[in-house]
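Residue numbers (the numbering used here), protein chains in the order written: chain P, 53 to 322; chain X, 137 to 381. Ideal Cβ placement from N, Cα and C applies to all residues, glycine included.
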Amino acid sequence: MTGMNPARIGAIVLRQFYLFRGSITRTVPLFVWVAIDIVLWGFITKYLNTVTSPGFDFVPVLLGAVLLWDFFQRVMQGVTMAFFEDVWSRNFLNLFASPLTIGEYVTGLVATSVVTSAVGLVAMIVMASVFFGLSFLSYGAALGAFVFVLFLFGIALGITACAIVLRFGPSAEWFIWPIPGILSPFAGVFYPVATLPRWMQGIAFILPPSHVFEGLRALVTGGTVAASRLAIAVALSLGCLLLASWIFHRVYRRAVRTGLIARYSAETLS
Amino acid sequence: MAVLSVNGIRKLYGSTVAVDDVSFAVERGEIVGLLGPNGAGKTTTINMILGVLAPTAGSIQIDALDLESHRCEALARTNFAAVYAPLPGNLTVAQNLRFFGMLYGVRHLGERIETLIADFNLAQFRDTKCGVLSSGEQTRVSLAKALLNRPRLLLLDEPTASLDPATARELRTSIRGSAVSSATGVLWTSHNMYEVADVCDRVLFLSRGRILLEGDPKTLPGEYGKETLEDLFVTVAREPLTLES
Chain P
53 MTGMNPARIG AIVLRQFYLF RGSITRTVPL FVWVAIDIVL WGFITKYLNT VTSPGFDFVP
113 VLLGAVLLWD FFQRVMQGVT MAFFEDVWSR NFLNLFASPL TIGEYVTGLV ATSVVTSAVG
173 LVAMIVMASV FFGLSFLSYG AALGAFVFVL FLFGIALGIT ACAIVLRFGP SAEWFIWPIP
233 GILSPFAGVF YPVATLPRWM QGIAFILPPS HVFEGLRALV TGGTVAASRL AIAVALSLGC
293 LLLASWIFHR VYRRAVRTGL IARYSAETLS
Chain X
137 MAVLSVNGIR KLYGSTVAVD DVSFAVERGE IVGLLGPNGA GKTTTINMIL GVLAPTAGSI
197 QIDALDLESH RCEALARTNF AAVYAPLPGN LTVAQNLRFF GMLYGVRHLG ERIETLIADF
257 NLAQFRDTKC GVLSSGEQTR VSLAKALLNR PRLLLLDEPT ASLDPATARE LRTSIRGSAV
317 SSATGVLWTS HNMYEVADVC DRVLFLSRGR ILLEGDPKTL PGEYGKETLE DLFVTVAREP
377 LTLES
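Have a look at this one:
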């Protein structure tokens, strides 16, 4: 078996760079949604601080959670948007009739997402700090683990989303956009998981973000994040990533067997 | 030595046989025409050679490399252009050539891009997005991409379909020259029988997923009592059973 070729991975990233460089419609969304979330949730937390008992600061709890959730969505969309560029330009035949391997292609998509989500992360840290005084440093070393878990899970969901669109055709992209919204009630972004009914808590436990947000709440209320909780979250994220890669590979092999890659279009639901 | 060996490939979609026990070879420097009516299995065959469609049975060797077990190495020696596979319209000509040049591992890529831009008269479109080019200009960019890696095997699926006669003639001359000078084997599909007779050393007629006839395009019609290659094509399309031995 041959290893991955860095030049081919670089080509996938370069293509995305070309697209971003020449398009304001691609670059502006990297910042605008982050800015909207910060403004909206920044003022909500400020308002909540005025109507609740003094001493409790909603900024690191709510605004911090919202921004970390936003980061997770940016990571997922970083992968899916890069993939959709090839869907929209009907580029699969050109790509997969080249020496590019499926592993190199997916790695290129992930590398693109690393760059775009890092840009979003820096923008959100700066804006939240300047306008609402939120210091991500207040989360301590655990912040690195939180970001790592959300990054892995975002990549895993992004790869799964690509597999769904590859399997069911371009029109299936409408299945993809609501995924973070569907997961958020289970992930306990805004409230403790204990608030949920027992069956929802079961689902929450297997979702890595729920451990991040439980840990975040424990941290800002003066507690500590159990190392075992972080270990579970990392293990679950890695498991999700492996499962997503396996699903994408299976879908790709099926697409090659059925000829879907060669005649990919909006009506290729088969 | 054959640059392409197709050995008993077969493709089934459920109970439908798209390609049935097809075997042929393309030698270095040889241009082989793959002909047949719509639905005969030409594009299915090409897709299997490109590795984007898995054969149900049989094997394919490109430059003596088995496509299934040495996919990357085999496809690095191959390239293609097809009217149904335009390059991404949201990249410029130069960006597309750089992107695909990196995928194919082209050495001295900058120089190679400049050479192809000059060869295909694309200098004025270098920084133009491919999506706004005319279909003929897009075809020239696709052909430039197809020659980026100096392929040992070149697959051309109706490459001149959207070109005017003068440009099509220039292109045929160019590809013919490339096949001879760099010993590239070419598999060429077209519905233009004049073009096929002009450019191909040998033709294969596919009908209902099987190779029905094979031979020199200049002498084959006479062997079956037809005046032209087009007459033979029409017979293959309408009455293939009259030609089966």
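| Query | Result |
| --- | --- |
| For a test of the three-state rule: what should DSSP assign to Val241(P), helix, strand or coil? | coil |
| Looking at C-alpha atoms only, which residue of Ala190(X), Ser343(X) and Val142(X) is the closest neighbour of Gly175(X)? | Ser343(X) |
| For Asn57(P), which three-state DSSP category applies? | coil |
| Is it true that the CB of Ala63(P) sits closer than 9 Å to the CB of Leu239(X)? | yes |
| Return the chain-ordered list of same chain residues with a C-beta closer than 7 Å to the C-beta of Lys362(X), the five sequence neighbours on each side being excluded. | Leu368 and Thr371 |
| Rounded to whole angstroms, how far is the Cβ of Leu186(P) from the Cβ of Phe124(P), which I believe are closer than 8 Å? | Their Cβ separation, rounded to whole angstroms, is 17 Å, which puts Leu186(P) and Phe124(P) out of contact at 8 Å. |
| Taking Cβ-Cβ distances shorter than 9 Å, what residues in chain X pair up with Val308(P)? | Gly187, Val188, Leu189 and Ala190 |
| As an exercise, report each continuous beta strand (DSSP E) stretch of at least 3 residues that is fully enclosed by the stretch 264-303 of chain X, in chain order. | 289-293 |
| Give me the chain P residues within the contact set of Gly241(X), using Cβ-Cβ distance strictly less than 9 Å, ordered along the chain. | Asn57, Ala59, Arg60 and Pro151 |
| Check distances from the C-beta atoms of the stretch 134-150 of chain P to those of chain X and list, in chain order, the residues that come in under 9 Å. | Glu137, Asp138, Trp140, Ser141, Arg142, Asn143, Phe144, Leu145, Asn146, Leu147, Phe148, Ala149 and Ser150 |
| Report buried or exposed for Trp229(P), applying the criterion of at least 16 other Cβ atoms within 10 angstroms of its Cβ. | exposed |
| Considering only C-alpha positions, which residue in the set Gly172(X), Glu247(X) and Thr214(X) is nearest to Leu348(X)? | Gly172(X) |
| Exposed or buried, what is Leu321(P) when buried is set at 16 or more other beta-carbons lying within 10 Å of its beta-carbon? | Bear in mind that a pLDDT of 45 at Leu321(P), under 50, signals an unreliable position, so the model cannot answer this. |
| For the alpha helix (DSSP H) that Phe108(P) lies in, which residues bound it at each end? | Neither: Phe108(P) is in no alpha helix (DSSP H) and is coded neither H nor E. |
| Would Gly99(X) pass as a contact of Ser151(X) if the rule is Cβ separation under 9 Å? | Missing from the structure shown is residue 99(X); chain X here goes from 137 to 381 and no further. |
| Which residues mark the beginning and the end of the alpha helix (DSSP H) in which Ser289(P) is found? | Ala279 to Thr310 |
| Name the residues in the stretch 62-86 of chain P whose C-beta lies less than 9 Å from a C-beta of chain X; which are they? | Gly62, Ala63, Ile64, Leu66, Arg67, Tyr70, Leu71, Gly74 and Ser75 |
| Ala138(X) lies in the beta strand (DSSP E); which residues open and close that run? | Ala138 to Tyr149 |
| So, Asp202(X) versus Ala212(X), is the Cβ gap smaller than 9 Å? | no |
| Could you pull the start and end residues of the beta strand (DSSP E) that Phe236(X) belongs to? | No beta strand (DSSP E) contains Phe236(X), which is instead part of the alpha helix (DSSP H) from Val229 to Leu239. |
| Pull up the DSSP beta-bridge partners for Gly116(P), would you. | Bridge partners of Gly116(P): none, in fact. |
| On a CA-only basis, which of Ala254(X), Tyr149(X) and Leu323(X) is nearest Glu294(X)? Give me that one, please. | Leu323(X) |
| Are any of the Cβ atoms in chain X nearer than 9 Å to that of Ala163(P)? | no |
| Kindly indicate if chain X contains any beta-carbon less than 9 Å away from that of Ala314(P). | yes |
| For Leu233(X), decide whether its Cβ has a neighbour in chain P, counting only Cβ atoms nearer than 9 Å. | no |
| In the DSSP assignment, find the unbroken alpha helix (DSSP H) run with Thr214(X) in it and report its ends. | It is not in any alpha helix (DSSP H) - Thr214(X) instead sits in the beta strand (DSSP E) that spans Thr214 to Ala218. |
| Roughly how many whole angstroms lie between the Cα atoms of Trp298(P) and Tyr304(P)? | 10 Å |
| In angstroms with no decimal places, state the Cα-to-Cα distance between Leu293(P) and Phe200(P). | 12 Å |
| Closest by CA to Asp89(P), which one among Glu137(P), Val103(P) and Gly172(P)? | Gly172(P) |
| By the criterion of Cβ-Cβ separation under 7 Å, what are the contact partners of Pro224(X) in chain P? | Ser141 and Asn143 |
| Look up Ser343(X) in the DSSP assignment and give the residues it is bridged to. | Arg346(X) |
| Consult DSSP for Glu363(X) and reduce its assignment to one of helix, strand or coil. | coil |
| Cα-Cα, which of Leu269(X), Leu140(X), Ala333(X) and Ala230(X) is closest to Arg312(X)? | Ala333(X) |
| What does Gly311(P) touch in chain X if you count any residue whose Cβ is under 7 Å from its own? | Asn183 and Leu189 |
| Kindly provide the ranges of any alpha helix (DSSP H) runs that are 4 or more residues long and lie completely inside the stretch 151-221 of chain P, ordered along the chain. | 154-184 and 194-220 |
| Tell me the DSSP secondary structure of Val322(X) in three-state form. | strand |
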